[in-house]
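A short worksheet on the structure shown next.
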Amino acid sequence: MKLQQLRYVAEIAKQGNHLSAAAEALNTSQPGVSRQIQVLEGELGVDIFRRTRNRIIGLTEPGEHVLAIAKRVTADVATLRSLKMDLEALDQGQMVIATTHTQARYVLPNIVVNFIKRYPKVELILKQGDPETICAMVEDGEADFSVGPETQRSFPELLRLQGNEISRIVVGPKGHSIFSEPELTYENLAAHPLIAYDARYSGRWKVMEAFQRAGCTPRFALSAIDADVSKTYALLDLGLAILTNAAYNPAQDIGLEARDASHLFAPSTTTITLRPTSYIRPYVLEFISSLSEKLTLKAVRSALKSAIARD
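Quick note: the sequence shown, position 79, residue 79 per the UniProt record's numbering, numbers continuous.
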């Protein structure tokens, strides 16, 4: 068994089971990739991929386990290769954060500014995506950690740390009738078209769960993954936007008004995910500890140690 073969398995799955795309990403030939996969399957005595007419269409049940191992091994090898450099240069290098738009735009800027002042030799890279995509980036070794809301899909290979809670608000154009209501209720909200986050975000499914419990059926005029897009259309009076309170700044959001909705909708919890088996550089730990008062260096190190012990 070769490390290269495990890389091939991981890349084929990443490329949606397209051999040609995997071969191109790996800078090798498609027949070479196919041959090495067959050799690995022969050595293991199981089929890793399901095929039809010589086309890969998915993973077999044993293949799911092989892929999980392949991802872990290739990520750990990449970590080992960078370990020597990291140990020699504790205050420089690269830190890749996978995060959502709301976090990158509204929550992280001041934290990033302070971090760069402290570590000017560290190149910080922000990769954006929906909550599940950013966790997958960490799982695949494409990011050091992720910062975002909860996900419905579990990521058993990752360590999850809970940060601050972010409550919800209703945002609309100034003078909208919703802001003169004596009390904000599910019923008076459902009487207006709404703008909410895409279904991949907790900001959507938590809102839907709340309406369902109240026996109300809201009408959504627009779904978006971007708070700025939501506010743009709210300003055009297309609907009332249900957003996190971090996404609204009265000094910048001219023409808009906001109202607290924390009594109607459950908050989102900022979640940080890491690969517990990888080497976490000291400045990465320091950045994570700056995300919440309860994420002290001691607490983060203890959580990592516990996660490694469980593995």
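The beta-carbon is built from N, C-alpha and C at its ideal position, and this holds for glycine as well.
As the structure is a computational prediction, the values presented were derived from the model and not from experiment.
If I measure Cβ to Cβ from residue i and keep anything under 8 Å in the same chain, skipping five residues before and after, which residues do I get?
i, result
"residue 101", "128, 225, 226, 227, 228"
"residue 210", "186, 264, 265, 266"
"residue 153", "132, 135"
"residue 252", "none"
"residue 178", "170, 172, 184, 188, 189, 192, 240, 259"
"residue 24", "none"
Go to residue i, then tell me how far its alpha helix (DSSP H) extends in each direction, as first and last residue.
i, result
"residue 109", "109–118"
"residue 272", "Taken as a continuous stretch (DSSP letters only), residue 272 belongs to no alpha helix (DSSP H), being part of the beta strand (DSSP E) at 268–274."
"residue 228", "227–235"
"residue 133", "131–139"
"residue 206", "202–214"
"residue 46", "Here residue 46 belongs to no alpha helix (DSSP H), and DSSP marks it neither H nor E."
"residue 242", "Taken as a continuous stretch (DSSP letters only), residue 242 belongs to no alpha helix (DSSP H), being part of the beta strand (DSSP E) at 240–244."
"residue 288", "282–289"
"residue 301", "297–310"
"residue 188", "186–190"
With DSSP as the reference, label residue i as helix, strand or coil.
i, result
"residue 220", "strand"
"residue 197", "strand"
"residue 95", "strand"
"residue 32", "helix"
"residue 153", "coil"
"residue 53", "coil"
"residue 75", "helix"
"residue 62", "helix"
"residue 173", "strand"
"residue 258", "strand"
"residue 25", "helix"
"residue 103", "helix"
"residue 40", "helix"
"residue 265", "coil"
"residue 68", "helix"
"residue 180", "helix"
"residue 292", "coil"
"residue 278", "coil"
"residue 251", "coil"
Could you check which residue in the options has the C-alpha nearest to that of residue i?
i, options, result
"residue 167", "45, 207, 155", "207"
"residue 57", "104, 269, 12", "12"
"residue 31", "54, 46, 15, 10", "54"
"residue 163", "18, 149, 175", "149"
"residue 281", "201, 40, 298, 95", "95"
"residue 112", "293, 38, 198, 286", "286"
"residue 217", "305, 38, 192, 308", "192"
"residue 270", "108, 28, 64", "108"
"residue 120", "93, 126, 212, 103", "93"
"residue 16", "39, 205, 1, 50", "50"
"residue 29", "64, 46, 42, 8", "8"
"residue 91", "104, 73, 115", "115"
Which same chain residues, not among the five before or five after residue i, have their C-beta less than 7 Å away from its C-beta?
i, result
"residue 169", "243, 245, 248, 258, 259, 260, 261"
"residue 138", "98, 145, 146, 158, 273, 274, 275"
"residue 222", "195, 233, 238, 239"
Could you round the C-beta distance between residue i and residue j to whole angstroms and report it? I think they count as a contact, below 8 Å.
i, j, result
"residue 274", "residue 159", "5 Å"
"residue 186", "residue 240", "Contact flag wrong, Cβ pair sits at about 13 Å."
"residue 201", "residue 140", "About 21 Å; that fails the 8 Å criterion."
"residue 288", "residue 308", "Contact doesn't hold; Cβ gap of about 16 Å is too wide."
"residue 59", "residue 1", "The Cβ separation is near 18 Å, so there is no contact."
Can you name the start and end residues of the beta strand (DSSP E) that residue i belongs to?
i, result
"residue 159", "159–166"
"residue 9", "No beta strand (DSSP E) holds residue 9; the alpha helix (DSSP H) holding it covers 3–14."
"residue 146", "145–148"
"residue 125", "122–128"
Please go through the same chain and pick out, in chain order, the residues whose beta-carbon is closer than 6 Å to the beta-carbon of residue i, but skip the five residues on each side of it.
i, result
"residue 144", "95, 96, 284"
"residue 292", "163, 164"
Quick check on residue i - is its C-beta less than 8 Å from some C-beta in chain D?
i, result
"residue 144", "Any reference to chain D falls outside this structure, which holds one protein chain only."
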